[in-house]
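Add 3 to a position in the sequence shown, counting from 1, and you land on the number used in the numbering used here.
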Amino acid sequence: MQTATNNNGQQQRRGGCLRGCLIGLAIYFGLSFLFGLMFGSMFSSSTVKLEDYSVYKLELSGNLVEQGQEANPFADMLGNMPGYNQAQTSGLDQILDNIRLAEQDEKIKGIYLYGGSMNMAPASAKAIRDRLLLFKQRSGKWIIAYSDNYSCTNYYVASVADKMYINPTANISWRGLTAQKMYFTRLMEKIGVEMQIMKVGTFKSAVEPLFRTSMSEADKQQTMLYLQGIWDEYRAAVSASRGISEADLDRYADEHMGLQQAEKYIAYNLADTLIYREEMDEVLRVMSGSKDYKLISTAKLAQVERPKAKSKNRIAVLYAEGNIQADAANDGITAKETIKQIKAITKDDEVKAVVFRVNSPGGSADASEEIWHGVKTLQAKGLPVVVSMGDYAASGGYYISCAADYIYAEPTTLTGSIGIFGTVPNIKKLREKIGLDVDGISTHKHAGMDVTMVYSGMNSEEFAMMQTMIENGYDLFTRRCADGRKMTQDDIKKIAEGRVWLGKDAIGIGLVDSLGNIDDAIVKAAELAGIESYDINYYPKPTDPLEEMLKMISGEQSEEEKLIARIRLLAKEPRVLMVMEPVEIK
């Protein structure tokens with residue numbers, strides 16, 4: 004009887020759990036449905052109407068990405084939910100298009116550059132600064148800037164303003180540029196891990212932190228050259244805008260302006276006026292000509308309806324941003340997704356040309372080859388392909404670019420890095436330290452190599468085989484570059500060896516055709532296609548915020564899952580990569 008009573012109780016509890024789960028699911032799907040009903044109208048009509056005396060408030064803060072997404076009306080509501088990323092993200096495409104709209108629309112009286120800590124690389128910074136200069140030249144409208152703090156790159160952008168206002172306790176970090184790396188060799192020695200490295204390219208420095216304790220002379224040489232090139236651009240631009248000699252700007256950098264009092268910024272003409280943030284309201288009233296001026300953000304201005312071209316001709320703009328991989332991660336450039344977008348482009352008969360916007364330091368060799376082949380299929384369909392390089396188009400990023408009919412780069416784009424490497428950790432000493440033994444049996448001497456080279460290291464024969472594979476990959480890479488650039492393979496190898504070049508220097512050696520931005524690339528694509536009127540289709544399409552919110556609620560694409568996917572990819576096979584380590588320039 005007692006047993007029967009326990010079984011009945013367990014059944015009742017199980018039934019209660021089942022009912023609870025069903026109720027929970029019903030609530031979840033019900034809420035999801037209600038969200039769709041309540042907020043669906045926000046997405047069906049997302050246009051914003053400009054008001055008189057509008058001012059474009061371009062915030063130089065948060066993170067800058069290539070392609071902006073639609074405004075998310077749930078951001079404020081979900082801002083405190085676990086896993087929700089509150090960091091402000093702005094799209095370079097949206098900012099550039101907004102500045103163009105501000106130039107053309109009479110309701111927008113000027114641009115207010117607010118803040119100075121946006122995470123952006125030099126090439127993107129130059130693209131924004133150049134568009135702001137055009138805004139001033141073409142429209143005659145004003146630009147003013149205000150910030151509590153400026154990084155060097157953000158100051159370079161903001162210096163284009165007619166007037167620069169700063170907080171009395173502000174910090175302008177005008178101190179030159181630096182690129183620092185962390186080296187792990189001695190740390191790995193201490194824990195008993197040795198990195199077995201195969202590479203081709205004297206300048207291929209991405210793996211140096213795994214076997215050196217300091218920068219090689221080759222890496223010092225190439226890094227100083229592109230740092231100096233970027234600094235030359237910053238210094239010349241600020242000199243022209245602020246009326247300060249380049250010699251004085253170098254002297255100010257040696258004084259480390261970031262450690263000086265704000266009064267010195269005024270004395271040195273790095274800024275115009277010391278003012279508190281709340282006092283900027285009166286400045287904006289005077290500048291706009293109305294006490295009822297309206298500030299409009301990047302996200303809101305992007306929702307203002309633009310006139311559409313009435314043409315059946317289309318130019319496809321295909322974005323590729325981040326590290327190149329096969330299909331294991333949800334961010335970066337995946338060969339699977341890029342090929343999917345390329346197939347969609349080839350199916351649209353109205354597309355007459357393609358602009359391939361590349362912003363990548365490289366990645367997987369195999370995935371790069373797949374995307375290269377995808378570019379060739381576009382050309383096989385009769386579509387001209389013009390590459391527009393962003394901050395990086397290096398190593399694998401150059402591999403996927405080299406087949407294009409024409410290549411544009413910004414002067415401060417980092418490109419080249421034509422080289423290849425593979426890394427395999429050897430944890431034999433670590434195993435010995437912790438008492439971990441491995442044993443097995445194989446039918447052939449290399450059958451278990453994928454395991455033994457990690458647990459026990461490679462012998463000379465195995466290492467030679469791996470090195471040969473890397474060299475074959477380098478040979479293919481240089482052949483792809485030679486074919487795409489109409490050069491001999493020997494000529495490519497003379498400028499390869501993993502060396503990184505600035506865009507302005509890459510022209511003289513044949514890796515790039517012209518300096519220019521994405522607008523220049525679009526004009527060139529139309530010229531190569533022989534069309535005068537056209538509309539632009541963007542690939543991939545911006546993410547729907549409602550879809551992203553539902554994915555977050557359902558637990559899809561969690562950060563943990565992304566990390567696990569990356570780890571599985573790295574553990575699957577030896578890393579054979581064509582990558583330039585992204586450089587944080589400060």
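Ideal Cβ positions, reconstructed from N, Cα and C, are used throughout, including at glycine.
Item	Value
Please name the residue in Leu514, Ala329, Met452 whose C-alpha comes closest to that of Ile421.	Leu514
So, Pro364 versus Ser391, is the Cβ gap smaller than 8 Å?	no
Please determine, among Pro125, Gln97, Leu262, Gly501, the residue with the shortest C-alpha to C-alpha distance to Gly419.	Gly501
Can you tell which of Val286, Ile269, Val389, Gly400 has its C-alpha closest to the C-alpha of Val320?	Val389
Under 8 Å by Cβ, that's how I've got Ile348 and Val358 pegged, so tell me the actual separation to the nearest angstrom.	Rounded, the Cβ-Cβ distance is 11 Å, inconsistent with contact.
According to DSSP, what are the bridge partners of Glu249?	For Glu249, which the question treats as bridged, DSSP gives no partner whatsoever.
What's the gap between the Cα of Ser2 and the Cα of Ser445?	The structure shown does not extend to residue 2, since the chain is modelled only from 4 to 589, so the question has no answer here.
With DSSP as the reference, label Val196 as helix, strand or coil.	coil
Are the CB atoms of Tyr159 and Val241 within a distance shorter than 8 Å?	yes
Can Ile525 and Ile512 be called in contact, C-beta distance under 8 Å?	no
Reducing DSSP to helix, strand and coil, say where Asn152 ends up.	strand
Could you tell me whether the Cβ atoms of Asn272 and Arg245 are closer together than 8 Å?	yes
Would you report the Cα separation of Ser459 and Gly519, rounded to the nearest angstrom?	51 Å
Tell me whether Tyr409 sits in a helix, a strand or coil according to DSSP, three-state version.	strand
Just the Cα atoms here: how many angstroms apart are Tyr115 and Ile299?	10 Å
Lys202 by DSSP, collapsed to three states: which one?	strand
Would you kindly work out how many angstroms separate the C-alpha atoms of Asp151 and Tyr168, rounded to a whole number?	9 Å
What did DSSP end up calling Val441 once you bin it into helix, strand or coil?	coil
Measuring CA to CA, which of Asn122, Asp440, Val289, Gly143 is closest to Ser64?	Asn122
Thinking C-alpha only, which one of Ser219, Tyr56, Ala130 is nearest Lys207?	Ser219
Exposed or buried, which one is Asp222 when buried takes at least 16 other CB atoms within 10 Å?	buried
Between the C-alpha atoms of Asp453 and Glu474, what's the straight-line distance to the nearest angstrom?	19 Å
Which ranges would you report for the beta strand (DSSP E) in the region 275 to 313 if only whole runs of at least 3 residues count?	297 to 299
Are Pro378 and Ile342 touching if we call contact CB-CB under 8 Å?	The amino acid at residue 378 is misidentified as Pro; the sequence shows Val. Contact flag unset, no.
Could you check what DSSP says for Ala383 in three-state terms: helix, strand or coil?	helix
Tell me, which residues are paired with Glu324 by DSSP?	Asn362
Across which residues does DSSP place Val357 in a beta bridge pair?	Ala319, Val388
In three-state terms, what does DSSP make of Ala147?	One point to set straight first is that residue 147 is Ile, not Ala, in the sequence displayed. Ile147: strand per DSSP, three-state reduction.
Under 7 Å Cβ to Cβ from Phe480, same chain only, skipping five residues before and after it: list those, please.	Tyr402, Ile421, Ile423, Met581
Which residue marks the beginning of the beta strand (DSSP E) containing Tyr59, and which one marks its end?	57 to 62
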